[in-house]
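Heads up: the structure comes next, in structure tokens.
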Amino acid sequence: SNNSAKAQAHTNIALIKYWGKKDEQLIIPYTSSLSLTLDRFYTQTTVRFNSDNDRDSVQINGQFISGKAWQRVHDFLTIVRDLAGIHLAAEVSSTNFVPTAAGLASSASAFAALAAAASKAAGLKLSKTDLSRLARRGSGSACRSIFGGFVEWQRGTSDADSYAQPLSQVGLNDVKVIALTTESGPKPISSRQGMNRSVATSPYYPTWIKVAQHDLIDIKVAIAAGDFTKFGSISELNAMRMHALTLSADPDFTYFNSETLAIMNEVKRLRHAGIECYYTIDAGPNVKVIVQSANATKIADTFTKLLGQNRVTTLSAGPGVHYL
Ligand code: DP6
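In the numbering used here, the protein residues as written are 1 to 324.
What follows is the structure, encoded as structure tokens:
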């Protein structure tokens, strides 16, 4: 029926990180960011607006959720209802497709799929730009998952001009990302809380705003020119600059565990041995290794020996959000 829609959105990995909000309510970031949408990790979400219910119901991987997680989805659905001028409760059913034992489910694919499914189910016909603006309201990184391949989220200054778009000049066509999962204890601090603390307390935050802007300009040149070495180096450097904002916060914190550090060392060892690879890390202990297609199997095998089979997944560029 036409009050129901199903969408699929893929996760993305940021090469130039988003870390800090200028406006927490509207999720306007301090800096622009750049990502690659990935093929094998994605979320499928069905939304139905139903006059029989008086409360939103939200199911993730077959389990009904409640509390803070439910509230975040409910608040997002209310943004959609306000846009569409409807007052119906929604039934949301979402499934994350992530390889076994990964712990790599992401709010980016979740809110990109939810934005697409909910807006269509509510009768809205949004452009990709407006869909990106809407997804941003659920989770900042979700605005980038509307598009496939290399994507830039231009920070903008307001709700109207803060959205993502695909890069127009791409000369880099054989990048692969090897996702490595570490022993994941509970997240010490969510990305949302972590970035807020960095903004509020790291003395280096003002410098991050300047440096991230240059990293973004430089990586776009490298992507346009197909310069993998420059692309990988800038990605790794920018990730470490982001993590410096956790170590320099008060109270300080880190997303690294001992396995994270071991993997970082292994990447550097491989590089010194002439096998080119770089790492990037988000708000958790898992590492993503950036490689070229020709080296992907060899490097993945090295990490399989270190970590075991089901903790290594090789990913390619993936598509933008689409309806099912
Ligand atoms: C380290 O998009 O999860 O992955 O906007 O508060 O939902 P909220 O944050 P979120 O933060 C992502 C942080 C990051 C870097 C990135 O994806 O750019």
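All C-beta atoms in this analysis are idealised placements derived from N, C-alpha and C, irrespective of residue type, glycine included.
Original post:
Does the distance from the CB of G20 to the CB of S190 come in under 8 Å?
Top reply: With a cutoff of 8 Å on beta-carbon distance, G20 and S190 are scored as not near each other.
Original post:
Between A84 and D161, what straight-line distance do the alpha-carbon atoms span, to the nearest angstrom?
Top reply: If you draw a straight line from the Cα of A84 to the Cα of D161, it is about 20 Å long.
**OP:** For D252, name the three-state secondary structure that DSSP assigns.
**Re:** DSSP places D252 in the coil class of the three-state scheme, outside both helix and strand.
Original post:
When we look at the beta-carbon of E259 and count the other beta-carbons within 10 Å, is it buried (16 or more) or exposed?
Top reply: Per the 10 Å Cβ criterion, buried.
**OP:** Taking only the alpha-carbon atoms, compute the straight-line gap between I403 and G140 and give it to the nearest angstrom.
**Re:** Summary: the structure shown does not reach residue 403, with the chain confined to residues 1 through 324, and so no result is reported for it.
Original post:
Under three-state DSSP, which class holds Y323?
Top reply: Correct three-state label for Y323: strand.
Original post:
Can at least three beta-carbon pairs, one atom from the region 31-45 and one from the region 207-226, be found at a separation below 8 Å?
Top reply: Verdict: yes, contact present.
Original post:
What did DSSP end up calling T129 once you bin it into helix, strand or coil?
Top reply: DSSP, reduced to helix, strand and coil, places T129 within a helical segment of the structure shown.
**OP:** With a 10 Å radius around its C-beta and 16 neighbouring C-beta atoms as the bar for buried, classify P203 as buried or exposed.
**Re:** With fewer than 16 other CB atoms across the displayed protein chains lying within 10 angstroms of its CB, P203 is exposed.
**OP:** Measure the Cβ-Cβ separation of S94 and I146 and say whether it is below 8 Å.
**Re:** Against a cut-off of 8 Å, the Cβ pair of I146 and S94 comes out as no contact.
Subject >> Test item: CB-CB of A108 and T11 under 8 Å >> reply: It is a contact, given that the beta carbons lie within the stated cut-off.
Original post:
Helix, strand or coil: how does DSSP classify T31 here?
Top reply: The answer is coil: DSSP assigns T31 none of H, G, I, E or B.
Original post:
In the region 135-223, which residue ranges form an unbroken beta strand (DSSP E) of at least 3 residues, counting only runs that do not cross its ends?
Top reply: Taking only runs of at least 3 residues, the beta strand (DSSP E) segments lying wholly in the region 135-223 are 150-154, 163-166 and 175-180.
**OP:** State the DSSP-derived secondary structure class of S94, mapped to helix, strand or coil.
**Re:** Reduced to three states, the DSSP call for S94 is strand.
Original post:
Any idea what DSSP makes of N50, helix, strand or coil?
Top reply: DSSP, reduced to helix, strand and coil, places N50 within a strand of the structure shown.
Original post:
Which residues does DSSP pair with D23 in a beta bridge?
Top reply: Note: D23 sits in a beta bridge opposite I28.
Original post:
For N12, which three-state DSSP category applies?
Top reply: N12 falls in the strand class under three-state DSSP.
**OP:** Taking the CB atoms as reference points, tell me whether K176 and A296 lie closer together than 8 Å.
**Re:** Contact: yes.
Original post:
According to the neighbour-count rule (16 or more other Cβ atoms, all chains shown, within 10 Å of its Cβ), is S42 buried or exposed?
Top reply: Here the sequence assigns Tyr to residue 42, which means Ser is not the residue at that position. Buried: at least 16 other Cβ atoms inside 10 Å.
**OP:** Check each candidate in A89, R271 and A262 and name the one with the smallest Cα separation from S233.
**Re:** Per the Cα distances, R271.
Original post:
Any idea which residues DSSP pairs S343 with across the strands?
Top reply: An answer regarding residue 343 cannot be provided, because it is not within the stretch 1 to 324 covered by the chain.
**OP:** Using only alpha-carbon positions, find the residue among Y205, N286, G62 and P29 that is nearest to N257.
**Re:** Nearest option by C-alpha distance: N286.
Subject >> Residue range of the unbroken alpha helix (DSSP H) whose run includes S57 >> reply: First-last for S57: S57 to I60, but that is the beta strand (DSSP E), not the alpha helix (DSSP H).
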